[in-house]
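Inspection log for the structure reproduced underneath, given as structure tokens.
There are 2 protein chains.
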Amino acid sequence: MTEITNNRFEHLLDLHHLKKTGPRLKVLAMMSAKNTATSQPDLEGLMEDVDRVTLYRILNVFEEKGIIHKIFDLNGTANYAICTSNCQEHLHHDEHLHFNCIVCNKVYCLNDLSLPAFNLPPGFKADGFTLYASGTCPQCNRK
Amino acid sequence: MTEITNNRFEHLLDLHHLKKTGPRLKVLAMMSAKNTATSQPDLEGLMEDVDRVTLYRILNVFEEKGIIHKIFDLNGTANYAICTSNCQEHLHHDEHLHFNCIVCNKVYCLNDLSLPAFNLPPGFKADGFTLYASGTCPQCNRK
DNA sequence: AAATTAAATGCATCATAGTTGCATTTGTGA
DNA sequence: TCACAAATGCAACTATGATGCATTTAATTT
Ligand SMILES: [Mn+2]
Ligand SMILES: [Mn+2]
Ligand SMILES: [Zn+2]
Ligand SMILES: [Zn+2]
């Protein structure tokens with residue numbers, strides 16, 4: 000993790016009026032080090048010296064602030080990924096494709112993919128949507 | 000519940016070589032009596048005299064056989080709905096829109112809505128997908 | 001109709017995910 | 001450096017879901 004990356008995280012915490020603490024910076028470092036979402040169990044393993052409860056509280060406040068978003072995978076396990084843009088406090092815009100590999104179980108946030116338009120039956124009013132796909136990821140296809 | 004409906008369920012269990020037991024027929028009756036998916040906690044409440052574990056086992060075997068499918072709502076709670084068609088053992092085709100109301104929390108299976116096509120980045124191979132939308136449902140919009 | 005048997009259920013127990021209350025510590029602004 | 005709100009840690013608790021094993025029961029065979 001570079002100095003400049005760490006500064007970016009500190010700035011991010013500042014922006015949201017959150018104290019720059021070790022556990023919080025570590026969560027951001029862990030999550031940003033990967034190109035996929037991180038499951039809660041994995042994260043708990045990575046954050047060894049940090050209390051479980053503290054981790055839950057960090058994840059909750061980060062989600063509320065629009066720093067990260069939560070994705071439930073095929074097994075109902077919570078996964079977390081850093082929001083790339085547009086997300087604000089209590090107003091997420093994570094309308095991208097989430098790809099869940101059925102081999103390695105990884106969840107990919109495919110932000111660049113624009114979702115096609117669709118319409119709802121009368122009476123329904125949508126304010127958010129997500130497309131989930133499941134299958135095999137590039138890594139697992141190669142083998 | 001009509002006689003003919005009950006017969007349909009018994010036939011369904013026969014088809015999948017499952018014994019026609021009280022708990023199983025009750026699960027099917029409860030789920031088919033609604034136009035939305037049923038959450039696991041709700042189902043557990045409805046199945047009072049049936050053991051929790053039995054309910055889990057029924058839900059698991061029904062899902063395996065392609066009789067019902069599982070949808071996780073915004074809170075990560077498991078919801079179940081009867082499959083309308085096309086689903087087979089270990090091969091679900093529930094590629095429809097799931098609408099999660101943020102007021103009443105209900106999950107609607109909008110089977111009739113055809114999903115628009117989309118394409119994946121190179122290397123990804125999808126074998127299933129679901130579109131999730133969240134917002135307010137017709138009932139909750141009326142108030 | 002009675003016996004047989006695999007399948008299904010119930011009960012005890014366990015594991016994991018997530019929450020809450022409260023005491024202690026720590027980051028930050030004065 | 002002081003004061004204080006915010007953050008963390010610890011204990012305890014709830015909820016969801018799984019597993020092992022004894023008992024019951026639906027479906028098949030005699
Ligand atoms: Mn995402
Ligand atoms: Mn559905
Ligand atoms: Zn994979
Ligand atoms: Zn509603």
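These protein sequence lines map, in sequence, to chains A and B. For the first sequence, numbering that gives the first Met the number 0 assigns the number 0 to the initial residue and increments by one for each residue that follows. For the second sequence, numbering that gives the first Met the number 0 assigns the number 0 to the initial residue and increments by one for each residue that follows. All C-beta atoms, glycine included, are put in the ideal place defined by N, C-alpha and C.
| query | Is it the case that the Cβ atoms of T152/B and V102/B are separated by a distance below 8 Å? | reply | Outside the shown range of chain B (0 to 142) lies residue 152/B, about which nothing can therefore be said.
| request: Kindly provide the chain-ordered list of residues whose Cβ lies closer than 6 Å to any non-hydrogen atom of ligand 1. | output: H68/A, I70/A, A80/A, D93/A, H95/A, H97/A, C108/A
| Residues near I70/A by beta carbon distance below 7 Å, same chain, minus five either side | Indexing the first sequence from 1 puts residue 70/A at position 71. So the qualifying residues of the chain are A36, N78, A80, H97, V106.
| request: Measure how close the beta-carbons of V60/A and L17/A come, nearest whole angstrom, since I'm counting them as under 8 Å. | output: The sequence position of residue 60/A within the first sequence is 61, counting from 1. The sequence position of residue 17/A within the first sequence is 18, counting from 1. Yes, V60/A and L17/A are in contact; Cβ-Cβ is about 7 Å, under 8 Å.
| Sorted by chain position, which residues of the same chain lie with C-beta nearer than 7 Å to D50/B's C-beta, five sequence neighbours on each side aside? | Locating residue 50/B in the second sequence gives position 51, where the first residue counts as 1. Answer for D50/B: no residue qualifies.
| field | Entirely enclosed alpha helix (DSSP H) segments - the region 4-70 of chain B, minimum 4 residues | value | 21-31, 39-45, 51-64
| said: I'd like the list of long-range same chain contacts for Q39/B, defined as Cβ closer than 6 Å, with 5 residues on each side in sequence excluded. | reply: On the second sequence, position 40 is the one that residue 39/B refers to. Result list for Q39/B: A77, in chain order.
| said: Considering only heavy atoms of ligand 3, does any lie closer than 7 Å to the CB of T135/A? | reply: Position 136 of the first sequence, counting from 1, holds the residue named residue 135/A. Because some heavy atom of ligand 3 lies under 7 Å away, the Cβ of T135/A counts as near it: yes.
| message | If contacts are defined as beta-carbon pairs under 8 Å, then H68/A and D93/A qualify, I think. What distance do you get, rounded to the angstrom? | response | To locate residue 68/A, count along the first sequence from 1; it is residue 69. To locate residue 93/A, count along the first sequence from 1; it is residue 94. Right, their Cβ atoms sit about 5 Å apart.
| message | What does DSSP give as the partner residue(s) for H97/B in the beta ladder? | response | Numbered from 1 along the second sequence, position 98 holds the residue referred to as residue 97/B. DSSP output for H97/B lists C108/B, Y131/B as bridge partner(s).
| said: Helix, strand or coil for N140/B? Go by DSSP, reduced to three states. | reply: Looking up residue 140/B in the second sequence gives position 141. Of the three classes helix, strand and coil, the one that applies to N140/B here is helix, per DSSP.
| query | Does any residue of chain B bring its CB to less than 8 Å from the CB of D13/A? | reply | Counting from 1 along the first sequence, the entry for residue 13/A is found at position 14. No, no contact with chain B.
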